[in-house]
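Structural data, given as structure tokens:
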């Protein structure tokens, strides 16, 4: 049995999953960065909390 070539729909789906995972990774990284930043600078987190 031969493997069928990937259809455009499958490729789009894979690309969508890939971009979603990438977005999740970036947002979790930014979230971690913000948490580290806030714990290192309580004054800044107070300022951002009031804004």
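In the numbering used here, the protein residues as written are 242 to 292. Heads up, the beta-carbon is just placed ideally off N, CA and C, and yes, glycines get one too.
Mapping DSSP to helix, strand and coil, what is residue i?
i	result
residue 277	helix
residue 251	helix
Which residues in the same chain have their Cβ closer than 8 Å to the Cβ of residue i, if we skip the five residues on either side of it in sequence?
i	result
residue 251	none
So, at 6 Å on beta carbons, what are the nonlocal neighbours of residue i in its own chain, with the 5 sequence-adjacent residues on each side left out?
i	result
residue 295	The structure shown does not extend to residue 295, since the chain is modelled only from 242 to 292, so the question has no answer here.
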